[in-house]
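This report concerns only the one structure given below.
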Amino acid sequence: MPIANYAFGVAEASVYAPEILARGLPDGQPAHKDGSASIEASPALLALEGIGLSFGGVVALADVDLSVRPGEIRAIIGPNGAGKSSLINVISGVYRADRGHVALHGARYAQVPTQRLARLGVARTFQNLALFKGLDVLDNVASGLAYKTRSNFAGQILGLGRSRRERAEQRGRAEQILDFLQLTHVRDRLAGTLPYGLQKRVELARALVAEPRLLLLDEPMAGMTAGEKSEMAAYVRAARDRFATTVVLIEHDVGVVMGLSDRIAVLDYGRKIADGTPDEIRNDQRVIDAYLGVASENEEGAGI
Amino acid sequence: MSAIATDLSATELSKGTSLPSWLAPLLVVSFAYIVVPLVGGSYLFEAILLPFLALSLAGVGLNILTGYAGQVSLGSAAFMAAGAFAAYNFNLRVEGLPLVASIVFSGIVAAAIGIVFGLPSLRLRGFYLAVSTLAAQFFVQWALTKFSWFSNDSASGVIDAPKLFIAGFEFDGAVGRYLFALTVVVIITFLAHRLVISQTGRNFIAIRDNETAARIIGIPVLKTKLLAFAISSFIIGVAGVIWAFAYLRTVEPAGFDLDRSFQILFVIIIGGLASIRGAFLGAALIVVFPLALSRLGSFLLGDVFDSGVLDMSQRIVLGALIILFLILEPDGLVALWDRVRRRLLLAWQSS
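As given, the protein sequences belong to chains C and L, one line each in that order.
For what it's worth, this note's numbering labels the leading residue of the first sequence as 1462, then goes sequentially.
For what it's worth, this note's numbering labels the leading residue of the second sequence as 38, then goes sequentially.
What follows is the structure, encoded as structure tokens:
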């Protein structure tokens, strides 16, 4: 197996970035539902303040506030067209909000600088797969570290020391992530040739390899079977526990979200209609109405 | 014994081929250096190999921009012209400048022009970008014709190539110019190969496959696109120097018209996008095909097949070929080649 050769020399390195090792996992252990008291006090890693966004006359988001604490898994749910993806796009700077601010680690942005997103410790996946089809799985994942590249093209062509070291380090890190997400068996396949569920997982790997402090997942389980969904949920939780990453995820499947998340925000027609723990959300009348619809007043069909 | 043999072939099969990947290019290059000059006649060099080498190199350059970085360009001939005329002027006006230096400088001039005309790529994509690169095509050709300084005030705008001296050695005659072109092409192709497998090359592919995702994960999209334009134009510019200095020896701006740009685009479409080998296969077909067609035509039809008919039938058949390739083999000759090779290998191993 050639894997051992590639990883040679970096195999013993920790999957944790040195800076994560240094600051340790927040609160000793990652946030779990019962341990939320200690997290309650910690400042928000991400805060949205009065976000408004409209396309032409269509209001996608109206006055949305959201705060995400370090180490939690924060879900945003809502019916189709509720503005969930718009919200993720605002957080990652793909859209510029018409009103409001996004605060990351305390710094407020009218528009989050997409180009510096990776350096700010934010990584994301996409609702529709956004892998690089022409690269193999390993290179796709390693590309998540491209923002750290310091060597220039001339050095890379000539194979100078720094570019070789960078390459070895990137591959080593990528291999560790592939191993963590059990993707090692497809590392040399072109990303576009993989089945859908695996591509989703490769995207997660590409986002994770940068060891982001904030991980945005845009419908990570869309289009998956029930088995694949619970598998993906397990990977998301494992990733949070292992890398001390804060996760914001959008999902349709309420059942999966209830089991996975620490706190859930519910959007409907671009407004936040509820925000709380899974138990609170489960019993919230407005959420039930939004999802199941309101019983019609004239059940007899009078007047039709 | 037979168990070992089957075991061996199984490992060979799984890796596709047991030969190291550098062996095939090395064999081809040694063949081109040692055997070809011994057996080839001047027709082979003048009519086939020299244009083949120049077009291949231009194809390698365009493939970096279009095949790898995904930015469509219709201005290739302009960058060839810029390279050719820049090298001519460096050679003419700077006393004692070595030929190698004027080639490198002319590549840099072409790269600078490439960056300028690559700026629209920061806002435009696909079809619209292709149209904006047409501006390079028309502007460069216009400037070279309008300002006679570029052609040293020659009345017709024609420039004559200088003698090809490198380190006191003159590359003279058809074979000499062939060796000169071959050396330049081999060196640049090797560097281009190193580039496309490097981090920068992977960034090109990432931007081609998904620009938004590339930006999100922190690839410097704007810088990388301009770099692709610069490197691509550099290589195409040097290809222009070979075209002018080694192949034609006298060129005029009209020789680098839009047809030439399309020809280079066809080279990479037919050869295979995002493949260094593809540029060579495509160029071989583009160069050999008209010659073969004219031989075949005059053999079958005799005097009816004059140059006018030849020209028209060339365009028709070439157009048909491109449509066929786009439909049947979008990955080009290089994919066809790989498939045939795999079949042969399998057949050989199973026998």
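Cβ atoms here follow ideal geometry from the backbone N, Cα and C, with glycine treated the same way.
Would you say Gly315/L lies against chain C (beta-carbon separation less than 8 Å)? Residue numbering aside, residue 315/L sits at position 278 when the second sequence is read from its first letter. For Gly315/L, the answer is no, since every Cβ of chain C falls outside 8 Å of its Cβ.
Of the choices Ala1564/C, Tyr1657/C, Glu1712/C, Arg1650/C, whose alpha-carbon is the least far from that of Leu1590/C? In the first sequence, the residue the question calls residue 1590/C occupies position 129. With distances taken between Cα atoms, Leu1590/C lies closest to Tyr1657/C.
Beta carbon of Thr220/L: closer than 7 Å to some heavy atom of the ligand NAD? Looking at this structure, you won't find the ligand NAD or any other ligand, since it has none at all.
Below 9 Å on C-beta distance, what does Lys1545/C contact in chain L? As a working note, residue 1545/C is residue 84 in the first sequence. Those do not exist, as Lys1545/C stays about 17 Å from chain L at its closest Cβ, beyond 9 Å.
What does Lys1594/C touch in chain L if you count any residue whose Cβ is under 7 Å from its own? Reading the first sequence from its first residue, position 133 is the one you call residue 1594/C. Per Cβ cutoff of 7 Å: Asp246.
Following the continuous beta strand (DSSP E) through Asp1736/C, name the residue where it begins and the one where it ends. The count along the first sequence starts at 1 and reaches residue 1736/C at position 275. Start and end: 1732–1737.
Assign Asp1679/C to one of three DSSP states: helix, strand, or coil. In the first sequence, residue 1679/C corresponds to position 218, counting from 1. Asp1679/C: strand per DSSP, three-state reduction.
Judging by CA-CA distance, which residue of Gln1746/C, Asp1729/C, Ser1691/C, Thr1706/C is the nearest neighbour of Gly1720/C? Mapped onto the first sequence, residue 1720/C falls at position 259. Taking only the C-alpha atoms, the option nearest Gly1720/C is Ser1691/C.
Among all the DSSP beta bridges, which residues are the ones paired with Arg1724/C? Within the first sequence, residue 1724/C is the residue found at index 263, counting from 1. Arg1535/C.
Could you check which residue in Thr1706/C, His1713/C, Arg1743/C has the C-alpha nearest to that of Arg1530/C? Counting from 1 along the first sequence, the entry for residue 1530/C is found at position 69. Ranking the options by Cα distance to Arg1530/C, first place goes to Thr1706/C.
Alpha carbon of Asp197/L to alpha carbon of Leu232/L, nearest angstrom: Translated into the one-based positions of the second sequence, residue 197/L becomes position 160. Translated into the one-based positions of the second sequence, residue 232/L becomes position 195. If you take the alpha carbons of Asp197/L and Leu232/L, they lie about 33 Å apart.
Are the CB atoms of Ile254/L and Gly1605/C nearer to each other than 8 Å? For this step, residue 254/L is matched to residue 217 along the second sequence. For this step, residue 1605/C is matched to residue 144 along the first sequence. Yes. Within cutoff.
Quick one, are the C-beta atoms of Phe241/L and Ala106/L less than 8 Å apart? Position 204 of the second sequence, counted from the first residue, corresponds to residue 241/L. Position 69 of the second sequence, counted from the first residue, corresponds to residue 106/L. Contact flag set, yes.
Nearest CA to the CA of Phe266/L: which residue from Phe127/L, Arg162/L, Ser158/L? The residue given as residue 266/L occupies position 229 in the second sequence. Nearest C-alpha to Phe266/L: Ser158/L.
Considering only the beta carbon of each residue, do Ala1564/C and Arg1732/C sit closer than 8 Å? If you number the first sequence from 1, residue 1564/C lands on position 103. If you number the first sequence from 1, residue 1732/C lands on position 271. Contact flag unset, no.
For the putative contact between Gly144/L and Val304/L, defined by C-beta atoms under 8 Å, what is the C-beta separation to the nearest angstrom? As a first step, residue 144/L must be located in the second sequence, where it is residue number 107. As a first step, residue 304/L must be located in the second sequence, where it is residue number 267. That belief does not hold up - the Cβ atoms of Gly144/L and Val304/L are roughly 19 Å apart, past 8 Å.
With a threshold of 8 Å between beta-carbons, can Arg1585/C be considered close to chain L, or not? The sequence position of residue 1585/C within the first sequence is 124, counting from 1. Closer than 8 Å to some Cβ of chain L, the Cβ of Arg1585/C qualifies, so yes.
Tell me which residue opens and which closes the beta strand (DSSP E) that Ile1512/C is part of. Working through the first sequence from its first residue, we reach residue 1512/C at position 51. Looking at the DSSP string, the run of the beta strand (DSSP E) that includes Ile1512/C is 1507–1516.
If Ala1536/C and Val1718/C are in contact, beta carbons under 8 Å, what's the gap, nearest whole angstrom? Along the first sequence, one-based indexing puts residue 1536/C at 75. Along the first sequence, one-based indexing puts residue 1718/C at 257. Sure, about 4 Å apart at Cβ, within 8 Å.
Taking just the CA atoms, how far does Gly1539/C sit from Ser1547/C? Mapped onto the first sequence, residue 1547/C falls at position 86. Mapped onto the first sequence, residue 1539/C falls at position 78. If you take the alpha carbons of Ser1547/C and Gly1539/C, they lie about 12 Å apart.
Quick check: the region 1696–1704 of chain C against the region 1505–1513 of chain C, are at least 3 beta-carbon pairs closer than 8 Å? no
Leaving out five residues on either side along the sequence, give the residues of the same chain with a beta carbon under 8 Å from the beta carbon of Thr237/L. Residue mapping note: residue 237/L aligns to position 200 of the second sequence, counting from 1. The residues are Thr261, Leu264.
The region 1708–1739 of chain C: which residues have C-beta closer than 9 Å to a C-beta of chain L, in chain order? none
Can you tell me where the beta strand (DSSP E) with Val109/L in it begins and where it stops? For the purposes of this step, residue 109/L is taken as the residue at position 72 of the second sequence. Counting along the chain, Val109/L falls outside any beta strand (DSSP E), and DSSP gives it neither H nor E.
Kindly indicate if chain C contains any beta-carbon less than 8 Å away from that of Gln108/L. If you number the second sequence from 1, residue 108/L lands on position 71. No, Gln108/L does not count as interfacial toward chain C.
Here's the rule I'm using: 16 or more other beta-carbon atoms within 10 Å means buried, otherwise exposed. How should Arg1743/C be labelled? As a working note, residue 1743/C is residue 282 in the first sequence. That one is exposed.
Count the C-beta pairs between the region 1675–1684 of chain C and the region 1620–1639 of chain C that are closer than 8 Å, then say yes if the count reaches three, no if not. no
Does the Cβ of Gln174/L have 16 or more other Cβ atoms within 10 Å, making it buried, or fewer, making it exposed? One-based indexing of the second sequence puts residue 174/L at position 137. Per the 10 Å Cβ criterion, buried.
Check whether the Cβ atoms of Ser1553/C and Leu1592/C sit closer than 8 Å, and answer yes or no. Here residue 1553/C is taken as the residue at index 92 of the first sequence, counted from 1. Here residue 1592/C is taken as the residue at index 131 of the first sequence, counted from 1. No.
Any chain C beta carbon closer than 8 Å to Thr220/L: Here residue 220/L refers to the residue found at position 183 when the second sequence is read from its first residue. For Thr220/L, the answer is no, since every Cβ of chain C falls outside 8 Å of its Cβ.
Could you work out which residues of chain C lie near Ala311/L, taking near to mean beta carbons separated by less than 8 Å? Here residue 311/L refers to the residue found at position 274 when the second sequence is read from its first residue. Ordered by position in chain C, the residues that pass the 8 Å Cβ test against Ala311/L are Gly1595.
Beta-carbon contacts of Asn1550/C that lie in its chain and below 7 Å, excluding the five residues immediately before and after: On the first sequence, residue 1550/C is found 89 positions in, with the first residue counted as 1. Result list for Asn1550/C: Tyr1556, in chain order.
Under 8 Å between C-beta atoms, does Arg162/L make it to chain C? The residue given as residue 162/L occupies position 125 in the second sequence. No, its Cβ sits nowhere closer than 8 Å to a Cβ of chain C.
For the candidate residues Asp1750/C, Val1715/C, Leu1669/C, whose alpha-carbon lies nearest to that of Thr1738/C? Position 277 of the first sequence, counted from the first residue, corresponds to residue 1738/C. Here the closest residue by C-alpha is Val1715/C.
Residue environment, Arg1585/C, which counts as buried when at least 16 other CB atoms sit within 10 Å: Here residue 1585/C refers to the residue found at position 124 of the first sequence. Buried, because 16 or more other Cβ atoms sit within 10 Å of the Cβ of Arg1585/C.
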